[in-house]
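Undergrad: In UniProt numbering, the protein residues as written are 1 to 456.
A virtual CB, placed ideally from N, CA and C, is assigned to each residue, including glycine.
Source: prediction; values computed, not measured.
I'd like to ask you about the structure that follows.
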């Protein structure tokens with residue numbers, strides 16, 4: 001697999017020898033990023049190596065299509081990590097943070113990948129660790145400086161990498177231990193009182209999974225009928241939860257995000273719906289392999305709900321629902337597919353910085369190969385309890401808002417398909433009313449002509 005060789009502006013090309021050395025350093029750094037992406041999602045880097053030709057995929061088996069999709073998904077995730085880590089490496093201004101790297105972005109990129117690999121290894125072997133534990137191990141391996149003046153900056157590096165490797169939050173690069181989530185900071189104080197960690201425990205020394213749980217950065221619970229009787233009885237109508245209806249008729253704007261947690265979050269006051277922009281990440285986890293996300297969730301689950309601690313399929317179900325909801329919102333409806341191509345395709349690349357072929361497939365194809373094992377391509381209605389046991393409450397909110405906001409323009413009323421009986425009634429009134437007006441005008445004209453003729 002070939003990743004795009006990035007342009008590091010600070011690199012020197014003063015001599016051919018320097019150029020060769022620089023290119024070797026860049027390729028070595030990119031190779032580390034590739035390995036980091038594969039390890040983080042529990043995959044082998046080999047699946048991204050040979051590309052299957054499109055004609056072979058069309059004529060091939062479902063297994064060939066799944067292999068091709070996984071290959072594209074891993075390559076996409078690698079490009080995402082590479083772009084984010086390159087930007088982060090260029091913003092690092094303290095050369096002492098990374099021993100023996102200086103301020104060369106290509107070397108810093110490779111070092112960030114090494115720190116990420118160390119974090120993945122530590123947390124997969126022992127998930128109940130803190131940012132400080134990972135920092136200590138990175139210092140032992142001479143990946144990070146042991147200078148206590150740089151302690152917070154070093155922990156921030158690990159915090160940023162864990163965010164990108166799990167996609168559970170979108171870290172801010174220029175604000176230590178902060179995330180992009182409705183504008184609030186992740187850790188507002190040096191110490192936070194938490195019932196599980198005890199009073200005055202520094203956030204860097206609390207378990208990473210515990211910090212995420214404290215912030216609400218956990219996978220939504222599975223829908224339980226006894227706790228949500230209204231949601232369990234509600235049917236999800238595909239006509240009310242697609243982009244053409246929600247955006248064009250109900251006036252909702254879409255915001256794309258790289259935070260899994262924010263998928264389908266709906267702010268009614270601003271009419272803003274957040275969608276996950278990198279479904280390739282979901283597809284890579286959709287095979288039950290061991291990954292950093294799985295490891296952290298296994299630690300979070302007992303803290304959130306002991307009764308659900310043994311449900312290892314929870315992550316698989318959640319990620320599958322993310323993929324399916326994106327397809328229902330765009331790809332399953334002809335008008336919504338057109339809406340994505342015309343308005344959202346380029347905007348979706350703004351959140352991740354890259355083009356995701358899996359997102360394009362889900363949103364522009366009626367039967368995408370990504371969902372070859374699904375039986376839910378084009379159902380008119382979906383059951384919250386069986387089809388969307390985790391995301392049903394968010395979809396139900398969108399459906400309620402969509403149903404309660406009617407278009408106020410005649411052209412939109414004409415093409416509105418949310419209530420077909422109302423739409424056909426409106427069309428019949430317009431058609432027959434127009435015919436009646438035309439006949440009346442014709443009759444008036446004939447009467448006038450007859451009157452003029454009789455007066456002659």
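1. Looking only at C-alpha atoms, which of 340, 300, 67 sits nearest to residue 256?
2. Can you have a look at residue 158 and say buried or exposed, based on whether 16 or more other CB atoms are within 10 angstroms of its CB?
3. Is the Cβ-Cβ distance between residue 108 and residue 89 less than 9 Å?
4. Quick one: residues in its chain with C-beta nearer than 7 Å to the C-beta of residue 240, no 5 flanking neighbours on either side, listed in chain order?
5. Measuring alpha carbon to alpha carbon, tell me which residue in 141, 259, 243 is nearest residue 252.
6. Relative to the C-alpha of residue 119, which candidate in 291, 86, 101, 359 has its C-alpha closest?
7. If you reduce the DSSP assignment to three classes, tell me which class residue 369 lands in.
8. Looking only at its chain, what residues have a beta carbon closer than 6 Å to the beta carbon of residue 204, apart from the 5 residues adjacent to it on each side?
9. Should the stretch 360-368 be regarded as contacting the stretch 324-337, the criterion being three or more beta carbon pairs within less than 8 Å?
10. To the nearest angstrom, how far is the alpha carbon of residue 455 from that of residue 448?
11. Assign residue 73 to one of two classes, buried (16 or more other C-beta atoms within 10 Å of its C-beta) or exposed (fewer than that).
12. Taking only three categories from DSSP, how would you classify residue 253?
13. If you follow the beta strand (DSSP E) that residue 273 is part of, which residue opens it and which one closes it?
14. Hey, would you say residue 263 sits closer than 9 Å to residue 274, going by beta carbons?
15. Starting from residue 400, follow the alpha helix (DSSP H) in both directions and report where the run begins and ends.
16. Give the DSSP-derived three-state secondary structure of residue 237 in the structure shown.
17. Give me whichever residues DSSP pairs with residue 155 in a beta bridge.
18. Would you kindly work out how many angstroms separate the C-alpha atoms of residue 151 and residue 99, rounded to a whole number?
19. Straight-line CA distance for residue 36 to residue 106?
20. Which ranges does the alpha helix (DSSP H) cover as unbroken runs of at least 4 residues, wholly within the stretch 59-109, from first to last along the chain?
21. Which residue marks the beginning of the alpha helix (DSSP H) containing residue 351, and which one marks its end?
22. Does DSSP put residue 147 in a helix, a strand or coil?
23. Assuming the contact rule is C-beta atoms closer than 8 Å, residue 325 and residue 284 should be a hit. Round their C-beta distance to whole Å, please.
24. What span of residues does the alpha helix (DSSP H) with residue 135 cover, start to end?
25. What is the rounded straight-line gap between the Cα of residue 179 and the Cα of residue 116?
26. State the DSSP-derived secondary structure class of residue 211, mapped to helix, strand or coil.
27. Buried or exposed: where does residue 175 fall if 16 or more other Cβ atoms within 10 Å of its Cβ makes it buried?
28. So, for residue 460: in the same chain, excluding its five sequence neighbours on each side, which residues have a beta-carbon less than 7 Å away from its beta-carbon?
29. Ends of the alpha helix (DSSP H) at residue 361?
30. Would residue 328 pass as an interface residue toward chain C - the criterion being a Cβ-Cβ separation below 9 Å?
31. Output needed for residue 91: all residues of its chain with C-beta closer than 8 Å, excluding positions within five of it in sequence on either side, in chain order.
32. Quick one: what's got a C-beta closer than 7 Å to residue 444's C-beta in the same chain, skipping five residues either side?
TA: On the basis of the supplied data:
1. Taking only the C-alpha atoms, the option nearest residue 256 is 340.
2. Residue 158 should be labelled buried.
3. In terms of Cβ geometry, residue 108 and residue 89 form a close pair [threshold 9 Å].
4. Excluding five sequence positions before and after residue 240, the CB atoms of its chain that fall closer than 7 Å to its own CB belong to 399, 402, 403, 418, given in chain order.
5. Looking at 141, 259, 243, the one whose alpha-carbon comes closest to that of residue 252 is 243.
6. Nearest option by C-alpha distance: 291.
7. Looking at residue 369 - three-state DSSP - the assignment turns out to be helix.
8. Cβ neighbours of residue 204 beyond the five flanking positions: 131, 132, 155.
9. With the cut-off at 8 Å, the stretch 360-368 and the stretch 324-337 touch.
10. Taking the straight line from one Cα to the other gives about 11 Å.
11. So residue 73 counts as buried.
12. The three-state reading of DSSP puts residue 253 in strand, counting E and B together.
13. Its beta strand (DSSP E) spans residues 272-276.
14. The answer is yes: Cβ separation under 9 Å.
15. Its alpha helix (DSSP H) spans residues 392-404.
16. Strand, per DSSP.
17. As far as DSSP is concerned, residue 155 takes part in no beta bridge.
18. Those two C-alpha atoms are separated by around 14 Å.
19. If you draw a straight line from the Cα of residue 36 to the Cα of residue 106, it comes to about 16 Å.
20. Runs found: 62-91.
21. Note, residue 351: alpha helix (DSSP H), 345-352.
22. Coil at residue 147, not helix or strand.
23. About 18 Å separates the beta carbons of residue 325 and residue 284, which is beyond the 8 Å limit, so they are not a contact pair.
24. Counting along the chain, the alpha helix (DSSP H) containing residue 135 begins and ends at 131-140.
25. Roughly 18 Å between the two C-alpha positions.
26. In the three-state scheme derived from DSSP, where H, G and I count as helix and E and B as strand, residue 211 is classed as helix.
27. The residue in question, residue 175, is exposed, as its Cβ has fewer than 16 Cβ neighbours within 10 Å.
28. Missing from the structure shown is residue 460; the chain here goes from 1 to 456 and no further.
29. Its alpha helix (DSSP H) spans residues 357-364.
30. Absent here is chain C; the protein component of the structure consists of one chain.
31. Around residue 91, the same chain offers 173, 174 as residues with beta carbons nearer than 8 Å, after the five sequence neighbours per side are excluded.
32. Take residue 444, set aside five residues on each side of it, and no residue of its chain has a beta-carbon closer than 7 Å to its own.
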